[in-house]
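Enquirer: Number 359 marks the last residue of the sequence shown (full-length UniProt numbering); no jumps.
Can you read through this structure? Questions will come right after.
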Amino acid sequence: MSTITLDTLRKEFDSGDERIVAVDDIDLEIRDGEFLVLVGPSGCGKTTTLRCVAGLEDVTSGTIRFGDDDVTDLRARERDVAMVFQNYALYPHMNVRKNIGFGLKLSTQQSSADIDRQVEEVAEMLGIEDLLGQKPKELSGGQQQRVALGRAIIRDPEAFLMDEPLSNLDAKLRSQMRTELQTLQHDLDVTTVYVTHDQTEAMAMGDRIAVMNDGTLQQVGTAEAVYRSPVNEFVADFIGSPSINLFDATVDGNRLDGPGDFGYRLADTTPVEGYESVRVGVRPEDIELVADGIDIETKVLEPMGNENYLYADLGGHELTARVASTARPSPGDVVSFTFDEDALYLFDPETGEALKTKT
Ligand code: ADP
Ligand code: MG
């Protein structure tokens with residue numbers, strides 16, 4: 001087990017006459033035994049970062065350390081990490097027992113009996129002990145992914161590196177496997193970097209979440225920290241489901257004026273001092289329907305059972321609200337909302353930097 005430290009990690013690719021900066025000078029420390037989720041939109045550099053850590057890509061500059069050891073120039077098989085990919089990459093002609101034990105057989109001098117015993121232990125841990133004689137094509141997607149995990153676990157590596165390992169599974173199995181994987185990682189206590197583009201998955205699984213955009217690291221923190229106190233508009237927008245409502249508002253003293261009927265008097269004007277306009281953010285769950293507030297016109301109501309999602313028009317801007325299941329405006333109905341200043345987010349309109357987040 002060890003800490004993984006990325007120090008100004010940079011990876012550029014040549015693509016025709018273009019240089020693509022896939023990873024743009026990232027500093028990141030993944031703690032010993034931690035489950036860190038690297039999350040961001042497609043193409044932001046997650047896989048490349050992970051492949052650099054694994055030793056599958058040469059870095060352009062910067063260093064990677066495992067504990068105190070500089071591993072930047074070590075090849076993949078000298079790094080003692082185990083990767084799990086989206087496509088399970090099982091050996092089709094080998095049964096489950098061989099698939100799980102194969103790596104150990106190659107890398108250690110252990111006897112077949114010893115390896116068999118470990119395979120059985122790992123298979124039991126993953127609930128696939130009855131499948132040891134089967135071939136990959138006879139297994140479901142979830143079972144195949146367990147075999148791929150088994151292959152990683154049996155090596156007892158310094159770190160697990162997982163790249164969207166659950167994204168080929170259907171929604172129900174995915175959420176079940178999330179829980180299993182977390183429990184397993186917790187029990188094994190192995191430093192894990194888990195890549196996903198799915199912020200819900202990131203929020204659910206990570207001890208900490210590292211949010212990436214366009215090759216750069218935006219913020220690292222617990223799910224609660226990135227949700228409540230995003231450093232910028234990108235993080236605020238990316239984290240949270242449904243997404244935060246964002247729109248421009250002009251600043252006049254303590255007054256914010258936005259699209260349609262949007263007007264709001266700030267009790268505390270400190271965050272907007274010196275600004276003529278700001279970006280306003282209000283999360284759907286912080287919107288409260290009231291008798292006399294900011295008017296919006298109902299477009300669509302989505303009943304979710306325990307609550308409803310209300311999609312409404314605010315001066316040409318779509319506003320999303322999570323409201324009580326008893327609130328049932330019909331399309332065309334004008335309703336009225338307010339929110340607590342504590343729940344209000346404000347961003348610099350140029351840089352996107354957060355001026356105020358939830359308190
Ligand atoms: P993510 O996993 O977040 O979707 P990637 O790390 O796969 O992102 O890609 C980051 C950027 O680097 C993208 O612009 C992608 O097109 C580019 N890229 C990744 N691998 C290569 C490669 N082997 N050659 C050229 N460009 C690449
Ligand atoms: Mg990827």
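Quick reminder that beta carbons are idealized off the backbone N, C-alpha and C, glycines included.
1. Are three or more beta carbon pairs between the segment 3-11 and the segment 58-68 nearer than 8 Å?
2. Any contact of the segment 205-220 with the segment 43-57, i.e. 3+ C-beta pairs under 8 Å?
3. What's the call for Phe13, buried or exposed, on a 16-neighbour Cβ count within 10 Å?
4. Using only the heavy atoms of ligand 1, determine whether one of them is closer than 8 Å to the beta carbon of Thr216.
5. Can you tell me where the alpha helix (DSSP H) holding Lys98 begins and where it ends?
6. Run through the DSSP bridge pairs and tell me what Lys356 is partnered with.
7. Pro284: buried (16+ other C-beta within 10 angstroms of its C-beta) or exposed?
8. Look up Thr196 in the DSSP assignment and give the residues it is bridged to.
9. Just checking: is the beta-carbon of Thr3 within a distance shorter than 9 Å of some beta-carbon in chain D?
10. Is any non-hydrogen atom of ligand 1 found closer than 8 Å to the C-beta of Ile239, if you look at the structure I gave you?
11. Could you tell me whether the Cβ atoms of Ala343 and Ser229 are closer together than 9 Å?
12. Rounded to the nearest angstrom, how far is the Cβ of Ile296 from that of Asp313, given a contact under 8 Å?
13. Please go through the same chain and pick out, in chain order, the residues whose beta-carbon is closer than 6 Å to the beta-carbon of Leu310, but skip the five residues on each side of it.
14. Name the two residues that bound the continuous alpha helix (DSSP H) containing Ser175.
15. For Glu303, which residues does DSSP report across the bridge?
16. Could you name each continuous beta strand (DSSP E) segment of 3 residues or more that falls completely within the segment 36-81, going from the start of the chain to the end?
17. So the beta strand (DSSP E) Phe13 belongs to, where does it begin and stop?
18. Tell me the rounded alpha-carbon separation between Asp198 and Phe238.
19. Taking 8 Å as the cut-off, is the CB of Phe13 close to at least one heavy atom of ligand 1?
20. Have a look at Ile64 and Val122 and give me their C-alpha separation to the nearest angstrom.
21. Starting from Tyr88, trace the alpha helix (DSSP H) both ways and give me its first and last residue.
22. Quick one: what's got a C-beta closer than 7 Å to Pro331's C-beta in the same chain, skipping five residues either side?
23. For the structure I just gave you, are there three or more beta carbon pairs, one from the segment 14-29 and one from the segment 162-177, closer than 8 Å?
24. Given that a residue counts as buried once 16 or more other Cβ atoms are within 10 Å of its Cβ, and exposed if not, what is Gly224?
25. Would you mind listing the beta strand (DSSP E) stretches within the segment 243-313 that are 3+ residues and don't spill past its ends, in chain order?
26. Give me, in chain order, the residues of the same chain whose beta-carbon lies closer than 8 Å to that of Gly221; leave out the 5 immediate sequence neighbours on both sides.
27. Determine the extent of the beta strand (DSSP E) in which Arg117 is found, giving its start and end residues.
28. Work out the CA separation of Gln145 and Arg279 for me, nearest whole Å.
Expert: Per the coordinate set shown:
1. yes
2. With the rule of 3 Cβ pairs closer than 8 Å, the segment 205-220 counts as touching the segment 43-57.
3. Looking at its Cβ environment, which holds fewer than 16 other Cβ atoms inside 10 Å, Phe13 is exposed.
4. no
5. 96-107
6. Leu346
7. Buried, by the Cβ-count rule.
8. Here Thr196 is bridged, per DSSP, to Val39.
9. Any reference to chain D falls outside this structure, which holds one protein chain only.
10. No, the Cβ of Ile239 stays beyond 8 Å of every heavy atom of ligand 1.
11. No, Cβ-Cβ distance for Ala343 and Ser229 is not below 9 Å.
12. 6 Å
13. Leu301, Ala321, Val323
14. 171-188
15. For the record, residue 303 in the displayed sequence is Pro; it is not Glu. The partner list for Pro303 (beta bridge, DSSP) reads Asn308.
16. Fully enclosed beta strand (DSSP E) runs of 3 or longer: 61-66.
17. Phe13: member of the beta strand (DSSP E) spanning 4-15, first to last residue.
18. 9 Å
19. yes
20. 30 Å
21. Taken as a continuous stretch (DSSP letters only), Tyr88 belongs to no alpha helix (DSSP H), as it is neither H nor E.
22. Taken in chain order, the residues that qualify are Thr298, Lys299, Val300.
23. no
24. As written in the sequence, residue 224 is Glu, which differs from the Gly given in the question. Exposed, by the Cβ-count rule.
25. 245-252, 255-257, 263-265, 277-282, 288-303
26. Arg208, Ile209, Ser229
27. Run containing Arg117: none in the beta strand (DSSP E); it sits in the alpha helix (DSSP H), 112-125.
28. 43 Å
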